[in-house]
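In our numbering, the protein residues as written are 149 to 262.
Ideal placement from N, C-alpha and C gives every residue a C-beta, glycine not left out.
Here is the structure we will look at, set down as structure tokens.
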């Protein structure tokens, strides 16, 4: 009777060990997926900020620099050709956990009759 219970106990322990090894192998994969998802979210947010600043700058045509949450937003309005202005919006941020600087740049040429 003890041998049967002992065999079940050993099978249970082996099963738990195998399950824990499988689980441990998925933790780095899952953390990488979560990190990539967060990086993509920050990139998408930077694109949204850049587009918003581009729309606002088209109305005012004023260069500016401001901090919005963890993003540094730089707007430059410069002369491109006669009666044509270049709007350049740069959004910079630091990638979480990696310390790498990332940036998104949008440029647009607009006609200015004055």
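Whole-angstrom distance between residue j and residue i, CA atom to CA atom
{"i": "residue 229", "j": "residue 258", "result": "10 Å"}
{"i": "residue 161", "j": "residue 167", "result": "10 Å"}
{"i": "residue 158", "j": "residue 180", "result": "34 Å"}
{"i": "residue 149", "j": "residue 163", "result": "Low confidence applies to residue 149: its pLDDT is 48, below 50, so where it sits in the model is not reliable, and the reading given next is rough at best. Between residue 149 and residue 163, the C-alpha separation is close to 21 Å."}
{"i": "residue 215", "j": "residue 190", "result": "15 Å"}
Residues bridged to residue i (per DSSP)
{"i": "residue 175", "result": "According to DSSP, residue 175 bridges with nothing at all."}
{"i": "residue 238", "result": "222, 253"}
{"i": "residue 229", "result": "232"}
{"i": "residue 216", "result": "219"}
{"i": "residue 259", "result": "232"}
Residue interval of the beta strand (DSSP E) (run including residue i)
{"i": "residue 248", "result": "Where residue 248 is concerned, there is no enclosing beta strand (DSSP E), given that its DSSP letter is neither H nor E."}
Integer Cβ distance of residue i from residue j, believed to fall under 8 Å
{"i": "residue 201", "j": "residue 223", "result": "6 Å"}
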